[in-house]
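When you line the sequence shown up against this note's numbering, it's residues 2 to 511, in that order.
Glycine is no exception: its CB is placed at the ideal position from the N, C-alpha and C atoms.
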Amino acid sequence: MIKGKLAREIEKIKQPIFDYRNEVYKLKTVYKLDVENVKYQTKQLVEEQKDLTINSSLAEYETRQIIVRNTYERKVAGLKESAALSKDVIEARLLKLKEEHDVQKAELEEHYRPLIEEDEKNKISKHDIKPELARLKEQMAKDLNDLKAKYEVDLAAVKVPNKEEIKVKVEGLKAQAKGEIQVIKDKIKNAKKVAREEIVGVAQTKEPITDEQRAKIQEIKLEAKALIAEERAQIRFIRQSNRSKESLEASRQMQMIFQDPISSLNPRMTVKEIVGEGLIIQGGHTDEEIDAQVAHALELVGLSPEFGARYPHEFSGGQRQRIGIARALIMNPTFIIADEPISALDVSIRAQVINLLTELRTDLGLTILFIAHDLSVIRFFCDRIAVMYYGKIVELTDSEELFAHPMHPYTRSLLSSIPQPDPDYEKGRIRIDYDPRQHDYRTDKPSLKEIAPGHLVYANNAEFEVLKKEYEEQKKKLNGVSEKAPAATPKKTAGTKAKATTKVNKGGKK
Numbered sequence: 002m003i004k005g006k007l008a009r010e011i012e013k014i015k016q017p018i019f020d021y022r023n024e025v026y027k028l029k030t031v032y033k034l035d036v037e038n039v040k041y042q043t044k045q046l047v048e049e050q051k052d053l054t055i056n057s058s059l060a061e062y063e064t065r066q067i068i069v070r071n072t073y074e075r076k077v078a079g080l081k082e083s084a085a086l087s088k089d090v091i092e093a094r095l096l097k098l099k100e101e102h103d104v105q106k107a108e109l110e111e112h113y114r115p116l117i118e119e120d121e122k123n124k125i126s127k128h129d130i131k132p133e134l135a136r137l138k139e140q141m142a143k144d145l146n147d148l149k150a151k152y153e154v155d156l157a158a159v160k161v162p163n164k165e166e167i168k169v170k171v172e173g174l175k176a177q178a179k180g181e182i183q184v185i186k187d188k189i190k191n192a193k194k195v196a197r198e199e200i201v202g203v204a205q206t207k208e209p210i211t212d213e214q215r216a217k218i219q220e221i222k223l224e225a226k227a228l229i230a231e232e233r234a235q236i237r238f239i240r241q242s243n244r245s246k247e248s249l250e251a252s253r254q255m256q257m258i259f260q261d262p263i264s265s266l267n268p269r270m271t272v273k274e275i276v277g278e279g280l281i282i283q284g285g286h287t288d289e290e291i292d293a294q295v296a297h298a299l300e301l302v303g304l305s306p307e308f309g310a311r312y313p314h315e316f317s318g319g320q321r322q323r324i325g326i327a328r329a330l331i332m333n334p335t336f337i338i339a340d341e342p343i344s345a346l347d348v349s350i351r352a353q354v355i356n357l358l359t360e361l362r363t364d365l366g367l368t369i370l371f372i373a374h375d376l377s378v379i380r381f382f383c384d385r386i387a388v389m390y391y392g393k394i395v396e397l398t399d400s401e402e403l404f405a406h407p408m409h410p411y412t413r414s415l416l417s418s419i420p421q422p423d424p425d426y427e428k429g430r431i432r433i434d435y436d437p438r439q440h441d442y443r444t445d446k447p448s449l450k451e452i453a454p455g456h457l458v459y460a461n462n463a464e465f466e467v468l469k470k471e472y473e474e475q476k477k478k479l480n481g482v483s484e485k486a487p488a489a490t491p492k493k494t495a496g497t498k499a500k501a502t503t504k505v506n507k508g509g510k511k
């Protein structure tokens, strides 16, 4: 009690020191953020000035020329190496390719020539932007000096506590508490001494214990053990009863598919024991029922029931993951969390596992929370996608909507990193870098806001207004293109219907 009171009193005396440290930390944090913001804004302005010295239409024209030329040369090389065509046919096709190539070059030149001339008129020489670049650098230096001066003034305005005075008060409190504790110790010591003397003075009897007394002692011990066992059973029952029935029922409807199929399976248990373990823990099932359900679960994932007697090390990586899926399915869940279920597998068998999950989702009506980094798989498998950055959801929407209209800067950066199996496209692919310093969340705090029905973006109020306007402009452009395009007659195929039905009752996440 004395020590607790002492700690509280010392904390109260030292409070000015804690307040001073917190105030200094806040000032330093604001100063660093302001410095980073000034540097970032200056960098953006410098890049804008440098862009004025570049003929963007000319650069785009040269890129398109390279793509057209490389495509033509690749087709020509393929025709020349063909052994199935005669020489006359090859020459005729080469001539046709040459004509098509000349037409494409002429169309490109006709399209870009006026744009290049217009950009050339507006282009500024590098020599002309030097004064502006110098002015920007001077302005940045001035802003940084102003920030530093303001920081030093604010820091000097913070009241510094008198540490020596605080130290003297703390030492005095400790000495006072030490004296009080010593007094209590002395009282306890004297009380023990008196009690010891009284105990020694009592005459001790050394009569032997009779058999009747021994039996009585044994009977008391057994009764005590029985009472303890009964109390423990009651405690277990109360704990089980106190658990929320709703949460217990919800947990029974959820299962997990783990990332690593090797470490998630017990090497000392057979497949039958691994898959049926959940039913054993749940209770209420006979051995025959468990064996039948294990066999059915293995058949659902494409494994033979005879595999139940084997151990995990006897299977390949894909088969082990199928065992993990069977372990989740045997509990008859409605919701499954798939934590990167294909990242640890070979590329050759990833498609098999994805197709298996797609079939199970459709046949059993499952909802799957699919966690992954492979964006192409996510687009194929998921209805809705949540993009996360450092543990926070920054964008949430339907799969096709996300890839067509990514709004958050991190989402755009993520999608720009997707490689395509097209060397011509890769040469002209523009990589977008995400810089979290572009956000200013010091006063205007961000949250998930609905930019369109079902489309949520993590932004503050100022950012949301800009993104909302940009989204509406994209929609207007898209509607304008669709109105100009001729209407096409939809083809009714079985593939289209099958694709629509596979995307039912499933969840997606990134």
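Check                                                                                                       : Outcome
Opening and closing residue of the alpha helix (DSSP H) in which residue 1 lies                             : Shown here, the chain extends from 2 to 511; a query on residue 1 therefore has no answer.
Per DSSP, the bridge partner or partners of residue 399                                                     : 385
Cβ neighbours of residue 456 in the same chain (closer than 7 Å, five flanking residues each side left out) : 398, 402
Residue 238 (DSSP reduced to helix, strand or coil)                                                         : helix
Closest by C-alpha distance to residue 342, when choosing among 335, 331, 356                               : 356
Residue 97, enclosing beta strand (DSSP E) - first and last residue                                         : That residue, residue 97, is in no beta strand (DSSP E); its alpha helix (DSSP H) goes 88 to 123.
Secondary structure of residue 255, DSSP reduced to three states                                            : strand
Segment contact, 8 Å Cβ cut-off, at least three pairs: the region 278 to 295 with the region 357 to 371     : no
Coil, strand or helix - residue 160 by DSSP                                                                 : coil
7 Å CB neighbourhood of residue 50 in its chain, flanking five on each side removed                         : 130, 133, 134
Close Cβ partners of residue 488 (< 8 Å) along its chain, the five nearest in sequence each way excluded    : At residue 488 the pLDDT is 43, less than 50, meaning the model places this residue with poor confidence; the figure from the coordinates comes in the next sentence. There are no such residues.
Local conformation of residue 464 per DSSP, three classes                                                   : helix
Spatial distance of residue 60 from residue 127 (CA atoms)                                                  : 17 Å
Distance, residue 479 Cα to residue 486 Cα                                                                  : Low confidence applies here, because residue 486 scores a pLDDT of 49, under 50, leaving its location unreliable; read the following figure in that light. Cα-Cα distance, rounded: 11 Å.
CB contact flag (residue 567, residue 450, <7 Å)                                                            : An answer regarding residue 567 cannot be provided, because it is not within the stretch 2 to 511 covered by the chain.
Whether residue 334 touches residue 254 by CB criterion (7 Å)                                               : yes
CA nearest to the CA of residue 17, picked from 425, 150, 161                                               : 161
Separation of residue 353 from residue 359, as counted between CA atoms                                     : 10 Å
Residue 252 versus residue 276: straight-line alpha-carbon distance, rounded                                : 18 Å
Those residues which DSSP pairs with residue 440 across a bridge                                            : Its beta-bridge partners do not exist; DSSP assigns none.
Span of the beta strand (DSSP E) around residue 368                                                         : 368 to 372
Where residue 339 sits in the DSSP three-state scheme                                                       : strand
Three-pair Cβ contact test at 8 Å for the region 442 to 449 versus the region 40 to 49                      : no
DSSP-derived helix/strand/coil call for residue 283                                                         : helix
Residues near residue 54 by beta carbon distance below 7 Å, same chain, minus five either side              : 124, 125, 126, 127, 130
As assigned by DSSP and simplified to three states, the class of residue 21                                 : helix
Residue 229 burial status per 10 Å Cβ neighbour count (16 or more: buried)                                  : exposed
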